[in-house]
Amino acid sequence: MTSCRAQNLRRRIAGVVLLVACVTGLWLAASRAGGPRDVTDAVTQRLACPVCAGQTVAESRTPVALAMRAAARQQAAAGRSQDEILAWFVTRYGPAVLLDPPKSGRTAPLWVVPLLVIAGGGALVVSTARGRKSTPVHRGGDVPLPSPPR
Amino acid sequence: MTAVGLGRQPLLSRRALSVTLAVSVLAVGTMAWAGRGLTSGGGVQAPAFALAGQPAPPLAGPTVQGGRADLADFRGSVVLVNVWASWCGPCRQELPLLTEAQRRLGPRGLRVVGLLMKDGEVPARNLLRELGAMEITSIEDPEGVQAIGWGIRGIPETFLVDRDGRVRQLWIGPLNADWLDHTVEPMLTAPGSP
Chain A
70 MTSCRAQNLR RRIAGVVLLV ACVTGLWLAA SRAGGPRDVT DAVTQRLACP
120 VCAGQTVAES RTPVALAMRA AARQQAAAGR SQDEILAWFV TRYGPAVLLD
170 PPKSGRTAPL WVVPLLVIAG GGALVVSTAR GRKSTPVHRG GDVPLPSPPR
Chain B
188 MTAVGLGRQP LLSRRALSVT LAVSVLAVGT MAWAGRGLTS GGGVQAPAFA
238 LAGQPAPPLA GPTVQGGRAD LADFRGSVVL VNVWASWCGP CRQELPLLTE
288 AQRRLGPRGL RVVGLLMKDG EVPARNLLRE LGAMEITSIE DPEGVQAIGW
338 GIRGIPETFL VDRDGRVRQL WIGPLNADWL DHTVEPMLTA PGSP
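Going down the list, the protein sequences come from chains A and B.
Quick note: to get the working numbering, add 69 to the position in the first sequence (first position is 1).
Quick note: to get the working numbering, add 187 to the position in the second sequence (first position is 1).
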């Protein structure tokens, strides 16, 4: 009887400890999200390294990318938001520094030109292929077509 | 014998081939034009850059010479902001030219200000002493954060700032005397010059 009550008590204590651990973990995670470190990470993953091909500022180890990370870190520590920091980089490097450039009038060619090139190329191939299939070609000079047998 | 039917034609007609060729030439020409300021064995003037015509970004801090400097204090002078480091070979190459420009054009209102990017004070000072270039005020930027504020992509880079504190030109790579003579010097004699 006594051992059964003790066992229940132990289970309850274990349950409470587990609950407290989960709540504490969630609270810690929530309080860290959006902190300067997260803002720096998010910003540097959205910036293209201006001196390397296809790498983000977060990935690159070039001196310029390292300095860009330091600049982002400094501004995040000063309490600036992701968007504010990204806008600061755009004024220094232009919209091409963003991996996902904004769809504005000035950057429209970045989105429209590739689509036009693909559409134009496709149309050219299709029209050429159609012309190739349907055009009959005479071989052997000006000989008339033979009449069908009667 | 007469052959009638679907004949073989080239994959692209003559017209399509001409259009493709014209587009290719245009694309290559455009890329060459756009990249003309970026590829060169020596330095080149950037055809376009984000800070052109904008007020110069802040630049202030301790100097290699041991004092403090602030670009804002040089308002009214034409300023060459030269981004450099002692570990950069082309920077070493252009320092004598910058020193000579400071000596020759300083009395007419030119000021050369160095931005020492990601470098130690001691090696930088040693290099300036070795080249007799200690008169080039160089602001230390150990993490490179101030240089990023100027939108630099590599070093050396040199920005030309007018008397009103606006960025006018960017020279990428080691400087040459022609650029100093034909772009920098005329700004010293422009209207409003002392």
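Idealized CB from N, CA, C, for every residue including glycine.
What whole-angstrom Cβ distance do Leu419 (chain B) and Leu302 (chain B) have, given they're in contact under 8 Å? Outside the displayed range of chain B (188 to 381) lies residue 419 (chain B), so it cannot be described from this structure.
Please identify the residue among B:Trp337, B:Thr370, B:Asp365 whose C-alpha is closest to the C-alpha of Val270 (chain B). Numbered from its first residue, the second sequence carries residue 270 (chain B) at position 83. The shortest C-alpha separation from Val270 (chain B) is found at B:Trp337.
Between Arg202 (chain B) and Ser196 (chain A), what straight-line distance do the alpha-carbon atoms span, to the nearest angstrom? Your numbering for residue 202 (chain B) matches position 15 in the second sequence. Your numbering for residue 196 (chain A) matches position 127 in the first sequence. Taking the straight line joining both Cα atoms gives about 12 Å.
Which chain A residues sit within Cβ distance under 9 Å of Leu238 (chain B)? In the second sequence, counting from the first residue as 1, residue 238 (chain B) sits at position 51. Within chain A, the residues near Leu238 (chain B) are Thr160, Arg161.
Which chain A residues are close to Arg340 (chain B), counting only those with a beta carbon under 7 Å from its beta carbon? Working through the second sequence from its first residue, we reach residue 340 (chain B) at position 153. Against chain A, a Cβ distance below 7 Å from Arg340 (chain B) picks out Pro119, Val120, Val133.
Val251 (chain B), enclosing alpha helix (DSSP H) - first and last residue: Within the second sequence, the letter at position 64 stands for residue 251 (chain B). Counting along the chain, Val251 (chain B) falls outside any alpha helix (DSSP H), and DSSP gives it neither H nor E.
Have a look at the DSSP bridge pairing and note the partners of Ile326 (chain B). The sequence position of residue 326 (chain B) within the second sequence is 139, counting from 1. DSSP, once it has assigned bridges, lists B:Thr250, B:Leu302 as partnering Ile326 (chain B).
Kindly indicate which residue of B:Glu344, B:Gly254, B:Ser200 has the alpha-carbon position closest to the one of Leu285 (chain B). For the purposes of this step, residue 285 (chain B) is taken as the residue at position 98 of the second sequence. Nearest option by C-alpha distance: B:Glu344.
Can you grab the Cα-Cα spacing for the pair Leu238 (chain B) / Leu204 (chain B), in whole Å? The residue labelled residue 238 (chain B) in the question sits at position 51 within the second sequence. The residue labelled residue 204 (chain B) in the question sits at position 17 within the second sequence. Looking at the backbone, the Cα of Leu238 (chain B) and that of Leu204 (chain B) are separated by about 42 Å.
Unbroken alpha helix (DSSP H) runs of length 4 or more, entirely within the region 74–156 of chain A: which are they? Within the region 74–156 of chain A, the complete alpha helix (DSSP H) runs of at least 4 residues are 105–114, 132–146.
Return yes when the Cβ of Gly248 (chain B) is within less than 7 Å of the Cβ of Glu327 (chain B), no when it is not. In the second sequence, the residue the question calls residue 327 (chain B) occupies position 140. In the second sequence, the residue the question calls residue 248 (chain B) occupies position 61. Remark: C-beta atoms of Glu327 (chain B) and Gly248 (chain B) approach each other more closely than 7 Å.
Within the 7 Å Cβ cut-off, does Gly229 (chain B) reach chain A? For this step, residue 229 (chain B) is matched to residue 42 along the second sequence. No - not a single Cβ of chain A is within 7 Å of the one on Gly229 (chain B).
Counting along the chain, where does the beta strand (DSSP E) carrying Leu224 (chain A) start and finish? An answer regarding residue 224 (chain A) cannot be provided, because it is not within the stretch 70 to 219 covered by chain A.
Among all the DSSP beta bridges, which residues are the ones paired with Ile187 (chain A)? For the purposes of this step, residue 187 (chain A) is identified with residue 118 of the first sequence, where counting begins at 1. Looking at the DSSP output, Ile187 (chain A) shares a beta bridge with no other residue.
Member of B:Leu367, B:Ala209, B:Gly360, B:Ala334 whose CA lies at the smallest distance from the CA of Gly276 (chain B): Counting from 1 along the second sequence, the entry for residue 276 (chain B) is found at position 89. When only C-alpha atoms are compared, the closest one is B:Gly360.
Going by Cα to Cα distance, which pick from B:Asp368, B:Val348, B:Leu367, B:His369 is closest to Pro242 (chain B)? If you number the second sequence from 1, residue 242 (chain B) lands on position 55. Ranked by Cα distance from Pro242 (chain B), the options B:Asp368, B:Val348, B:Leu367, B:His369 are led by B:Val348.
Got a sec, what are the start and stop residues for the beta strand (DSSP E) Thr345 (chain B) sits in? Counting from 1 along the second sequence, the entry for residue 345 (chain B) is found at position 158. It spans 344–348 - the beta strand (DSSP E) in which Thr345 (chain B) sits, taken as one unbroken run.
Identify every residue that forms a DSSP beta bridge with Gln232 (chain B). The residue labelled residue 232 (chain B) in the question sits at position 45 within the second sequence. The partner list for Gln232 (chain B) (beta bridge, DSSP) reads B:Trp358.
Please name the residue in A:Gln114, A:Leu168, A:Gln151, A:Gln124 whose C-alpha comes closest to that of Pro105 (chain A). To locate residue 105 (chain A), count along the first sequence from 1; it is residue 36. Of the listed residues, the one whose Cα sits closest to Pro105 (chain A) is A:Gln151.
Using a 10 Å radius around the Cβ and a threshold of 16 neighbouring Cβ atoms, would you call Leu67 (chain A) buried or exposed? Summary: the structure shown does not reach residue 67 (chain A), with chain A confined to residues 70 through 219, and so no result is reported for it.
For Leu318 (chain B), which of helix, strand or coil comes out of DSSP? Against the second sequence, residue 318 (chain B) aligns to sequence position 131. Leu318 (chain B) falls in the coil class under three-state DSSP.
At a Cβ threshold of 7 Å, is Thr197 (chain A) touching chain B? For the purposes of this step, residue 197 (chain A) is taken as the residue at position 128 of the first sequence. Chain B contact via Cβ: present.
Secondary structure of Trp274 (chain B), DSSP reduced to three states: Sequence index remark: in the second sequence, residue 274 (chain B) carries index 87 (1-based). Coil at Trp274 (chain B), not helix or strand.
Would you identify the three-state DSSP class for Ser200 (chain B), choosing helix, strand or coil? Locating residue 200 (chain B) in the second sequence gives position 13, where the first residue counts as 1. Coil, per DSSP.
Leu155 (chain A) at chain B interface by Cβ criterion, 7 Å: Along the first sequence, one-based indexing puts residue 155 (chain A) at 86. Judged by the 7 Å Cβ criterion, Leu155 (chain A) is not in contact with chain B.
For Gly143 (chain B) and chain A, any beta-carbon pair shorter than 7 Å? For chain B, the structure presents residues 188 to 381; residue 143 (chain B) sits outside this window and is missing.
Of all the options A:Gly123, A:Arg142, A:Ala83, A:Pro132, which has the alpha carbon lying nearest to the alpha carbon of Ala111 (chain A)? Counting from 1 along the first sequence, the entry for residue 111 (chain A) is found at position 42. When each option's Cα is compared against that of Ala111 (chain A), the closest is A:Arg142.
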